[in-house]
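Counting in full-length UniProt numbering, the sequence shown runs from 1 upward without gaps.
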Amino acid sequence: MRVLQRVVLPADRDLDVLKLYVEGRGGRGETAAAGPGQREVRVAGRRSAAVAAGGRASFCTYFNAFPASYWRRWSVVERVRLRMRVRGDAIVIVYRSTGKGFVQRVTQLEVDSDTAVDRELDLPLDPFIDGGWYWFDIAAGDREVVLEHAEWCTDTDRAQGSTSIGITTFNRPAYCVGQLLAMGEASEVLDVVDEIFVIDQGTKRVEDQPEFAEAAEALGGRLRLIDQGNIGGSGGFSRAMTETLDAGRSDYVLLLDDDVVVEPEGILRAVAFADLARTPTIVGGHMMDIFNRSVLHVFGESVARYRWWMTPAPHTFLGHDLAAHPLRETPWLHRRVDVDYNAWWMCLIPVDVIRKVGLSLPFFIKWDDIEYGVRAREAGFPTVSLPGAAVWHVPWHSKDDTLDWQAYYTERNRLITALMYSPYPRGGNMLKESMFIATKHALAMQYSTVELMLMAAEDVLGGPEGLHGAMTTKMAELRALRGGFPDARAEPDLDEFPEVKRRNPPKKGREPSAPEGRKAMIRTALAGAVRQLRPVDAFSREHPEVTVPHVDQTWWLLSRYDSALVSSADGTKAAWYQRDPKRFRTLVRRNMALHARLAREWPELSRRYREAIPELASTDRWRETFEAARREQP
């Protein structure tokens with residue numbers, strides 16, 4: 001029998017994540033103790049849980065319910081077997097759900113034994129086309145019940161595959177070593193891992209961390225540290241893909257961000273799913289919030305084709321707290337979610353897919369994972385974001401990479417992928433939206449962001465030939481460009497800036513409010529544009545007029561001021577925005593001209609970029625870039 005998914009409990013017994021693994025009172029939100037001073041459910045080990053006499057535990061949880069609809073749709077599996085070892089006075093109740101989120105009782109098993117007994121139950125996957133899960137609850141009678149272990153498995157003739165792991169890191173050595181230590185403690189995971197490539201592109205070396213030697217020893221010779229100059233996430237992950245191909249040992253390469261905390265069991269589940277997939281399939285993990293660890297931040301992602309923008313997959317929601325609203329009580333989690341791509345915080349890619357479609361495009365960062373998923377799908381290789389496989393990662397609301405140097409890569413790579421894959425003439429609404437976004441940044445005095453976006457458009461118009469060469473040179477250009485803009489110069493303390501003062505108070509004491517409706521939005525934008533062209537009050541150059549928290553830094557608010565102190569998304573610093581009529585006028589003109597040119601040249605650019613994909617993604621071309629990065633490494 002091939003194990004598809006084992007029931008696991010939190011390795012560190014972290015109470016913040018316990019409800020992702022097991023719940024008391026059958027998952028209905030009750031946490032009362034079964035008796036004085038007694039917890040209803042107790043973690044007895046990594047795979048073992050104890051249920052107090054009279055208590056009830058449910059494994060209808062993110063990590064322990066079985067996502068039957070995904071196996072039904074994408075794998076060759078037709079039946080699964082629930083296998084468990086239990087002791088005590090117990091009733092085990094098996095449930096299933098439908099794609100609409102309705103719960104149905106399947107059957108129950110009874111155990112009354114002071115020694116451990118094995119129980120098995122075969123279950124069909126037929127009724128799960130649209131969605132649904134299997135899970136079980138345990139109700140204890142007069143004595144404590146101990147679940148020693150349980151797993152979902154199936155009969156198969158397919159061999160077990162193995163994977164290499166690629167971790168790209170840049171100046172996060174402590175995070176990276178912590179990840180390696182966690183893997184070293186998961187011996188079952190290491191059974192399917194051939195090599196772990198750490199692509200260290202930073203100046204703070206992973207190998208200099210105090211616990212590095214311990215981590216390397218625990219990994220039993222699987223760790224290979226590769227130093228190369230910084231060529232971004234796409235460069236690091238393409239290096240891991242190349243090393244995996246060259247070694248010729250693995251069926252897959254698992255890409256992991258350096259700053260995630262991974263549930264190791266998810267690696268085994270991803271490999272099992274890929275092994276039994278109907279066709280070579282990219283298998284991705286979900287993203288949990290590393291700061292609020294019961295929150296499922298992303299359940300699946302798609303590309304909105306007409307806008308050509310990343311978006312939550314249909315029928316999913318960002319930031320769902322599974323402790324407050326568990327799986328059983330959340331109907332949308334029971335509908336199978338199909339995706340266009342999976343971000344590379346955790347993504348298992350079959351070697352067969354890499355051989356067919358190539359490596360990442362030389363994007364440095366941003367949109368490389370999206371483009372790869374879309375390209376693979378065009379070649380007939382789907383992506384599945386697999387429930388029960390996940391990492392904890394910094395949520396998007398704790399950073400804003402649309403304003404800093406990363407804005408260049410977001411804009412450039414969004415444009416390039418639209419040129420390559422958009423099904424609409426001239427990218428649908430994408431160019432208009434891009435122009436409006438740049439205009440809003442200009443109204444908000446975020447001139448460095450606009451300049452980066454326009455540089456991106458100019459580089460796209462230059463064609464695909466310079467993409468690989470820019471991998472080792474563009475970052476220096478971006479730093480130099482941003483250095484000339486006040487909105488890009490941030491300080492960690494507000495006292496570093498002059499005192500906030502306004503020459504004139506708000507009119508009639510009324511603070512600005514958000515425009516409501518399309519007409520009000522247009523009026524506000526036009527008024528803001530006219531105001532941007534007026535002379536600047538000299539007093540605003542001596543004192544910021546207001547402080548604006550990051551949550552409030554909208555274009556319609558900032559366009560009303562001559563200067564403002566604006567805080568960053570992570571709350572660690574602030575910048576002094578200053579209105580500049582001459583710069584605003586120049587940026588708006590360039591913005592309109594560049595987007596008009598993109599529209600005119602779209603058909604020819606689309607042809608050039610599509611034809612360039614095989615060469616851009618080839619191992620031979622990437623080896624040249626790796627060599628350039630090695631030469632330029634300090």
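Ideal placement from N, C-alpha and C gives every residue a C-beta, glycine not left out. For clarity, every value in this text was computed on a predicted model and none was experimentally measured.
Option in the options with minimal Cα separation from residue i
{"i": "residue 521", "options": "355, 111, 554, 594", "result": "554"}
{"i": "residue 151", "options": "186, 451, 231, 7", "result": "7"}
{"i": "residue 653", "options": "436, 526, 277, 543", "result": "Past the edges of the chain, shown from 1 to 634, lies residue 653, and the structure says nothing about it."}
{"i": "residue 581", "options": "487, 609, 149, 442", "result": "442"}
{"i": "residue 255", "options": "400, 359, 1", "result": "359"}
{"i": "residue 92", "options": "100, 105, 80, 101", "result": "105"}
{"i": "residue 357", "options": "348, 365, 173, 376", "result": "376"}
{"i": "residue 487", "options": "502, 467, 495, 449", "result": "449"}
{"i": "residue 595", "options": "457, 171, 248", "result": "457"}
{"i": "residue 530", "options": "572, 588, 506", "result": "588"}
{"i": "residue 397", "options": "74, 259, 454, 319", "result": "319"}
{"i": "residue 170", "options": "189, 234, 331", "result": "234"}
{"i": "residue 528", "options": "134, 560, 3", "result": "560"}
{"i": "residue 329", "options": "98, 585, 577", "result": "98"}
{"i": "residue 153", "options": "510, 395, 67", "result": "67"}
{"i": "residue 144", "options": "331, 112, 173", "result": "112"}
{"i": "residue 345", "options": "370, 363, 362", "result": "370"}
{"i": "residue 390", "options": "427, 429, 343, 407", "result": "343"}
{"i": "residue 578", "options": "313, 532, 314", "result": "532"}
{"i": "residue 621", "options": "361, 570, 451", "result": "361"}
{"i": "residue 489", "options": "115, 421, 566", "result": "566"}
{"i": "residue 3", "options": "238, 114, 266", "result": "266"}
Range covered by the alpha helix (DSSP H) that runs through residue i
{"i": "residue 362", "result": "First-last for residue 362: undefined, no H or E at that position."}
{"i": "residue 464", "result": "Run containing residue 464: none; DSSP gives neither H nor E here."}
{"i": "residue 602", "result": "581-616"}
{"i": "residue 530", "result": "518-533"}
{"i": "residue 275", "result": "265-275"}
{"i": "residue 154", "result": "Counting along the chain, residue 154 falls outside any alpha helix (DSSP H), though it belongs to the beta strand (DSSP E) covering 145-154."}
{"i": "residue 439", "result": "430-443"}
{"i": "residue 239", "result": "232-247"}
Collapsed DSSP secondary structure at residue i in the structure displayed
{"i": "residue 186", "result": "coil"}
{"i": "residue 26", "result": "Low confidence applies to residue 26: its pLDDT is 47, below 50, so where it sits in the model is not reliable enough to give any reading."}
{"i": "residue 375", "result": "helix"}
{"i": "residue 37", "result": "Residue placement at residue 37 cannot be trusted, given a pLDDT of 39 that sits under 50; what the coordinates show is reported in the next sentence. Correct three-state label for residue 37: coil."}
{"i": "residue 543", "result": "coil"}
{"i": "residue 397", "result": "helix"}
{"i": "residue 425", "result": "helix"}
{"i": "residue 209", "result": "coil"}
{"i": "residue 129", "result": "coil"}
{"i": "residue 201", "result": "coil"}
{"i": "residue 109", "result": "strand"}
{"i": "residue 283", "result": "strand"}
{"i": "residue 290", "result": "coil"}
{"i": "residue 302", "result": "strand"}
{"i": "residue 17", "result": "coil"}
{"i": "residue 320", "result": "strand"}
{"i": "residue 392", "result": "strand"}
{"i": "residue 62", "result": "coil"}
{"i": "residue 352", "result": "helix"}
Beta bridge counterpart(s) of residue i as assigned by DSSP
{"i": "residue 80", "result": "123"}
{"i": "residue 416", "result": "Partner(s): none; residue 416 has no beta bridge."}
{"i": "residue 164", "result": "253"}
{"i": "residue 89", "result": "112"}
{"i": "residue 346", "result": "256"}
{"i": "residue 309", "result": "304"}
Continuous beta strand (DSSP E) stretch holding residue i: start and end
{"i": "residue 134", "result": "134-140"}
{"i": "residue 577", "result": "574-578"}
{"i": "residue 478", "result": "Counting along the chain, residue 478 falls outside any beta strand (DSSP E), though it belongs to the alpha helix (DSSP H) covering 474-482."}
{"i": "residue 297", "result": "295-298"}
{"i": "residue 563", "result": "563-567"}
Note to self: Using a Cβ distance threshold of 8 Å, determine whether the segment 506-519 contacts the segment 533-543, with at least three qualifying pairs required.
What the structure shows: no
Check: So, do the segment 175-188 and the segment 81-91 have three or more beta carbon pairs nearer to each other than 8 Å?
Finding: Taking 8 Å as the limit for Cβ pairs, the verdict is that the segment 81-91 does not touch the segment 175-188.
Next item on the list: Answer yes if the segment 302-313 comes into contact with the segment 186-196, meaning at least three C-beta pairs across the two stretches below 8 Å, and no otherwise.
Entry: By the Cβ rule, the segment 186-196 does not count as touching the segment 302-313, because fewer than three pairs are nearer than 8 Å.
Item checked: Three or more C-beta pairs below 8 Å linking the segment 215-232 and the segment 276-288 -> In the pairwise beta carbon analysis, the segment 215-232 is classified as not touching the segment 276-288: fewer than three pairs are separated by under 8 Å.
Next item on the list: Could you say if the segment 475-482 and the segment 424-440 meet the contact criterion of at least three C-beta pairs nearer than 8 Å?
Entry: no
Margin query: For the structure I just gave you, are there three or more beta carbon pairs, one from the segment 413-427 and one from the segment 39-47, closer than 8 Å?
Written below: Too few Cβ pairs lie closer than 8 Å, so no.
Check: Are the segment 341-356 and the segment 234-249 touching by the rule of at least three beta carbon pairs closer than 8 Å?
Finding: yes
Checklist line | At least three beta-carbon pairs within less than 8 Å, the segment 159-174 to the segment 128-148 | finding: no
Check: Do the segment 457-472 and the segment 488-502 meet, that is, are 3 or more Cβ pairs less than 8 Å apart?
Finding: The segment 457-472 vs the segment 488-502: no contact.
Notebook entry, point to check: If you pair each beta-carbon of the segment 590-610 with each one of the segment 197-212, do three or more pairs fall below 8 Å?
Noted result: The segment 590-610 vs the segment 197-212: no contact.
Margin query: Is it the case that the segment 295-306 contacts the segment 323-339, given that we only count it when at least three CB pairs across the two stretches are under 8 Å?
Written below: yes
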